[in-house]
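Quick notes on the structure that follows.
Numbering (our numbering), first residue to last: -17 to 170.
Shown next, in the form of structure tokens:
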């Protein structure tokens, strides 16, 4: 006869096995649980982090995607691809003495000739992973980051808009990317 009993959750926190929610599941040893990583579109998070750190050290590949406004600049320094992911290497420069607190970095697919009355033509793309500081840029400094998106291309008459807005402020930066630039993304 097999004995079964309930182990309190306090004991499980110190037990060498990691317990999963619900009874009847097989416990996984901690050393194995540490190796289980989150996968994004078939690539492990550690692999994505390694790619992003390598991309930050790469030299600038794109020179024409830049927006300057209110003593701030947003540059797209490179677009890279790996399997089903696109990596956007962004650089935010603050040339004023005031800190720039980033409210949002958005990637939008918008009509090339935008009609102001038609809002349904804007589609937002979710960022899967962000590497680097995109929260705050101190005065007279520059921050670089790599943002990972799912792979996509743009239909005719559309373009990608990378938009960075300031929290409680009016400084807004936009860069427009055509399908031609996306298709020339470099493999990682």
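For glycine and all other residues, C-beta sits at the position ideal for the given N, C-alpha and C. These numbers were taken from a predicted model, which means no experiment stands behind them.
Helix, strand or coil at residue i [DSSP, three-state]
i	result
residue -15	Below a pLDDT of 50, predicted positions are generally treated as unreliable, and residue -15, at 47, falls in that range; the measurement from the model is reported next regardless. Note: residue -15 maps to coil in three-state DSSP.
residue 25	strand
residue 39	helix
residue 76	strand
residue 135	coil
residue 103	coil
residue 48	strand
Spatial neighbours of residue i in its chain, beta-carbon cut-off 8 Å, leaving aside the 5 residues before and after
i	result
residue 154	51, 145, 146, 147 and 148
residue 21	27
residue 140	91, 92, 93, 94 and 161
Under 8 Å between C-beta atoms of residue i and residue j
i	j	result
residue 57	residue 47	yes
residue 62	residue 119	no
residue 91	residue 136	yes
residue 89	residue 142	yes
residue 28	residue 76	no
residue 129	residue 170	no
residue 60	residue 42	yes
Own chain residues within Cβ distance below 6 Å of residue i, not counting five before or after
i	result
residue 49	56, 155, 156 and 157
residue 112	129
Close Cβ partners of residue i (< 7 Å) along its chain, the five nearest in sequence each way excluded
i	result
residue 30	22, 111 and 130
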